[in-house]
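In my numbering, the protein residues as written are 4 to 341.
Shown next, in the form of structure tokens:
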């Protein structure tokens with residue numbers, strides 16, 4: 004009656020490495036349109052003064068990207084490469100743009116070129132490992148992870164990639180080890196704590212709670228961490244902590260229907276607090292009017308409270324949304340007979 008929520012890891016991990024050649028560039032992604040125009044004007048002036056400086060074109064490509072103009076961004080990277088075709092960082096940037104625009108074969112070629120030009124280029128190896136992971140070419144991905152660790156044995160992102168490749172290859176123990184090493188190198192690596200929480204929660208191991216606590220510490224506005232923490236508390240019998248965690252989640256997102264539903268479920272199924280259960284199922288329905296499971300469970304609360312009329316209405320509502328919902332039909336049959 005409830006479910007785990009998984010973290011959707013974006014295609015391009017935030018680069019945490021100390022690699023020059025792209026990490027020195029400015030992040031323009033959070034600037035307003037007016038601020039982007041101002042930065043563009045400033046950079047255009049610098050380019051006119053230094054027309055053969057490839058780094059300036061690379062910088063401008065980021066402004067174009069932040070404004071959604073990927074074609075102009077790629078054109079600027081091409082200009083930078085025409086000026087200096089042997090600079091690994093330019094090929095890394097080109098590979099990033101190819102990844103973001105879905106040109107995956109070209110991305111692979113650009114990143115391989117960067118890794119060949121500079122045997123110590125960390126970014127290209129991390130992005131190649133990421134690329135091969137998403138294409139489920141785990142052996143090749145692990146090869147580039149290990150190359151990255153040869154360059155920087157303390158690189159947290161490399162250990163995270165190693166963990167996620169191990170996990171998706173079915174080796175949970177090695178995945179745990181890699182994620183734990185990741186957070187040893189970077190105690191604020193959110194994704195590693197979240198994955199550790201997921202793994203330990205799947206084993207119903209209460210250690211998952213501590214990993215989710217760390218995830219919440221790092222990103223207090225990330226609702227999935229609260230939800231999954233609440234669920235592991237629920238599944239391991241700490242119902243009060245589960246309710247408290249769901250309540251904290253709802254302060255962030257009052258319409259998080261699964262949190263309302265699970266609070267109703269805990270009150271109904273475990274605590275036998277049917278009135279409270281009905282209240283929370285009502286809130287789940289308010290958040291999602293087609294939530295037929297919430298209609299059924301609220302109806303069941305009413306049935307257990309002896310309010311047969313309201314129970315019948317909710318069972319009918321559930322069946323109206325999902326006509327083949329067997330348990331709602333059975334519930335309606337019970338209250339109709341009674």
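Where a beta carbon is used, it is the ideal one built from N, C-alpha and C, also for glycine.
DSSP places residue 130 in the uninterrupted alpha helix (DSSP H) bounded by 125-137.
Linking residue 255 to residue 270 through their CA atoms gives a straight-line distance of about 22 angstroms. Between the beta-carbon of residue 248 and that of residue 233 there is about 4 angstroms, and that keeps the pair under the 8 angstroms contact cut.
In terms of Cβ geometry, residue 94 and residue 75 do not form a close pair [threshold 8 angstroms].
Here residue 166 is near residue 181, since their CB atoms are less than 8 angstroms apart. Residue 219 and residue 228 do touch by the CB rule: their CB atoms are close to 5 angstroms apart, below 8 angstroms. The Cβ atoms of residue 274 and residue 262 lie no closer than 8 angstroms to each other. Taking the Cβ atoms as the reference, residue 80 lies roughly 5 angstroms from residue 64, within the contact range of under 8 angstroms.
For the pair residue 179 and residue 154, the CB atoms are not nearer than the 8 angstroms cut-off.
Cα atoms of residue 243 and residue 209: separation of roughly 15 angstroms, rounded to the nearest angstrom. One alpha carbon belongs to residue 70, the other to residue 297, and they sit about 42 angstroms apart.
When the beta-carbon positions are compared, residue 121 and residue 91 come within less than 8 angstroms of each other. In this structure, 281 is the residue among 125, 313 and 281 with its C-alpha nearest to the C-alpha of residue 301. Per DSSP, the continuous alpha helix (DSSP H) segment holding residue 42 begins and ends at 36-52. For residue 145, the closest alpha carbon among the candidates 173, 132 and 310 is that of 132. Counting along the chain, no alpha helix (DSSP H) covers residue 224, and no H or E run does either. In the three-state DSSP reduction, residue 267 falls in the helix class (H, G or I).
Residue 156 counts as exposed, since fewer than 16 other C-beta atoms from the protein chains shown sit within 10 angstroms of its C-beta. Annotation for residue 221: 191 and 193 place their beta carbon closer than 6 angstroms to its own, counting only its chain and skipping 5 residues before and after. One Cα belongs to residue 236, the other to residue 137, and the distance between them is close to 32 angstroms. Contact between residue 318 and residue 294 is absent: CB atoms are separated by about 14 angstroms, not below the 8 angstroms threshold. Counting along the chain, residue 58 sits inside the alpha helix (DSSP H) bounded by residues 57-69.
In this structure, residue 308 lies away from residue 259, with their beta-carbon atoms at least 8 angstroms apart.
A distance of 8 angstroms or more separates the beta carbons of residue 211 and residue 188. In the DSSP annotation of this structure, the continuous segment of the alpha helix (DSSP H) that includes residue 75 starts and ends at 73-86. For residue 239, the secondary structure class from DSSP, reduced to helix, strand or coil, is coil. Within a 10 Å sphere around the beta-carbon of residue 38 sit fewer than 16 other beta-carbons, which makes this residue exposed. According to the DSSP assignment, residue 100 belongs to the alpha helix (DSSP H) that extends over 91-103.
The beta carbon of residue 168 sits closer than 6 angstroms to those of 136, 141, 144 and 145, all from its chain and outside the five residues before and after it, given in chain order.
Straight through space, the alpha carbons of residue 35 and residue 54 are spaced by roughly 27 angstroms. Assigned with DSSP and collapsed to three states, residue 28 falls in coil, not helix or strand. A direct Cα-to-Cα measurement between residue 316 and residue 230 gives close to 30 angstroms.
Here DSSP, grouped into helix, strand and coil, assigns residue 289 to helix.
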